[in-house]
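Visitor: Residue numbers (our numbering): 25 to 349.
(1) Taking the beta carbon of residue 90 as the centre, do at least 16 other beta carbons fall within 10 Å, making it buried, or is it exposed?
(2) Looking only at C-alpha atoms, which of 143, 141, 126 and 335 sits nearest to residue 135?
(3) Enumerate, from N- to C-terminal direction, the unbroken beta strand (DSSP E) stretches of 3 or more residues contained entirely within the region 220 to 268.
(4) Got a sec, what are the start and stop residues for the beta strand (DSSP E) residue 275 sits in?
(5) Taking only the alpha-carbon atoms, compute the straight-line gap between residue 241 and residue 152 and give it to the nearest angstrom.
(6) What's the gap between the Cα of residue 268 and the Cα of residue 56?
(7) Alpha carbon to alpha carbon, how far is residue 201 from residue 331?
(8) Does DSSP classify residue 158 as helix, strand or coil?
(9) Work out the CA separation of residue 282 and residue 25 for me, nearest whole Å.
(10) So if DSSP puts residue 72 in a beta bridge, which residue, or which two residues, is it bridged to?
(11) Pop quiz: residue 80 and residue 108 are said to be a contact at Cβ under 8 Å. What is the actual Cβ separation, rounded to whole angstroms?
(12) Taking 6 Å as the limit between beta carbons, can you name the residues of its chain near residue 342, skipping five residues before and five after?
(13) Using a Cβ-Cβ cutoff of less than 6 Å, which residues in the same chain neighbour residue 335 once the five nearest sequence positions on both sides are dropped?
(14) Is the region 237 to 251 touching the region 159 to 166 in the sense that three or more CB pairs, one from each, lie closer than 8 Å?
(15) From the DSSP secondary-structure annotation, give me the bridge partner or partners of residue 301.
(16) Determine the DSSP secondary structure at residue 85, reduced to helix, strand or coil.
(17) Hey, residue 217 and residue 191 are a contact pair by Cβ (cut 8 Å); roughly how many whole angstroms apart?
(18) Rounded to the nearest angstrom, what separates residue 339 and residue 61 at their Cα positions?
(19) What does the alpha-carbon distance come out to for the pair residue 85 and residue 295?
(20) If you follow the beta strand (DSSP E) that residue 169 is part of, which residue opens it and which one closes it?
(21) Provide the residue(s) that pair with residue 109 in DSSP beta bridges, ordered along the chain.
(22) Bridge partners of residue 338, per DSSP?
(23) Under 8 Å between the Cβ atoms of residue 256 and residue 185?
(24) What whole-angstrom Cβ distance do residue 78 and residue 117 have, given they're in contact under 8 Å?
(25) Rounded to the nearest angstrom, what separates residue 207 and residue 214 at their Cα positions?
(26) Going by alpha carbons, who is nearest to residue 87 out of 297, 121 and 42?
(27) Once you ignore the five residues that flank residue 73 on each side, which residues in its own chain have a CB closer than 7 Å to its CB?
(28) By the three-class DSSP mapping on this structure, what secondary structure does residue 333 have?
(29) Considering only residues of the same chain and omitting the five flanking positions on each side of residue 248, which have a CB-CB separation below 8 Å?
(30) Could you tell me the distance, in whole angstroms, from the CA atom of residue 250 to the CA atom of residue 53?
(31) State the Cα-Cα distance for the pair residue 119 and residue 305, rounded to the nearest angstrom.
(32) State the start and end residues of the unbroken alpha helix (DSSP H) segment that holds residue 136.
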């Protein structure tokens with residue numbers, strides 16, 4: 025008779041998958057890192073920085089594309105060893121919630137803020153000439169923007185704001201905190217000094233106004249507005265089929281299991297592998313929902329613990345009192 029305790033719950037049973045994303049530093053190539061030894065089984069509603077909660081996703085599908093080769097030896101060419109070649113992996117899923125980040129990730133190229141336009145502006149598919157920007161004053165934070173008495177009246181409770189610098193003929197990645205686009209030639213956007221605010225991820229919703237400031241419902245993703253930043257009202261978001269820019273983000277998918285265990289899939293670097301696409305799913309009472317279909321190609325990270333190139337990490341946190349094998 026065995027003296028060991030009965031085997032505890034070991035089945036991987038999960039209702040839904042939670043998605044968290046964090047920007048890759050495009051200048052240095054440094055991704056965001058999920059460290060299971062430090063971050064562990066965190067509160068799903070309070071992810072560790074810099075991870076951003078993008079809600080529940082459906083139809084998560086991990087697609088391995090790494091190929092294997094066999095080294096053969098001897099007179100009969102018997103298998104002697106194996107090696108991995110042509111490292112590759114993809115991941116696909118559906119965002120069931122629509123928002124700026126969800127659209128940007130599912131669309132893949134520049135994701136643009138539609139700035140409130142002058143009524144006399146020429147019509148443009150991504151938004152015409154906008155209303156004047158309002159300067160953000162020193163002392164502002166990622167959640168409270170100081171405009172000063174009078175200037176703050178340009179905005180109302182509930183307004184969406186894009187907060188960033190004017191475009192100043194620079195090349196390379198633009199956007200505070202998170203790269204929103206890449207400018208190859210200043211001539212392409214020279215006519216639009218508001219271009220950085222069109223593509224910035226530093227967007228927030230006004231939750232409360234004071235005599236001189238607005239307080240945002242959520243902190244700006246890019247952090248404290250840079251010196252010389254201004255704000256403009258945003259009326260919508262738009263993405264486009266085409267463009268030369270590729271988003272790149274780190275991703276973490278969490279399967280919260282019914283047994284109390286948890287499985288995490290960490291992709292240090294993901295770039296879009298398909299253009300914008302929506303999928304339809306049925307809802308009760310003759311309604312249909314529309315989901316943002318996202319497809320990504322995984323790029324490798326060199327693991328400093330042993331120098332191996334890695335596309336994805338799979339972590340498992342066993343349920344309390346469960347068997348280990």
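Quick reminder that beta carbons are idealized off the backbone N, C-alpha and C, glycines included.
Guide: The structure says:
(1) exposed
(2) 126
(3) 227 to 233, 237 to 240 and 254 to 263
(4) Unbroken beta strand (DSSP E) run through residue 275: 273 to 281.
(5) Cα-Cα distance, rounded: 27 Å.
(6) 24 Å
(7) 29 Å
(8) strand
(9) Its pLDDT being 47, under 50, residue 25 is placed unreliably by the model, and the measurement read from it follows with that caveat. Spanning the two alpha carbons is a distance of roughly 31 Å.
(10) Paired residues: none, contrary to the question.
(11) Contact doesn't hold; Cβ gap of about 33 Å is too wide.
(12) 285
(13) 113, 322 and 324
(14) Using a C-beta cut-off of 8 Å, the region 159 to 166 makes contact with the region 237 to 251, since at least three inter-stretch Cβ pairs fall below that distance.
(15) Looking at the DSSP assignment, residue 301 forms a beta bridge with 317.
(16) strand
(17) Going by Cβ atoms, the distance from residue 217 to residue 191 rounds to 5 Å, so yes, they are a contact pair.
(18) 10 Å
(19) 16 Å
(20) 168 to 170
(21) 91
(22) 289
(23) yes
(24) Rounded, the Cβ-Cβ distance is 10 Å, inconsistent with contact.
(25) 10 Å
(26) 297
(27) none
(28) strand
(29) 164, 165 and 166
(30) 22 Å
(31) 12 Å
(32) Run containing residue 136: none in the alpha helix (DSSP H); it sits in the beta strand (DSSP E), 135 to 139.
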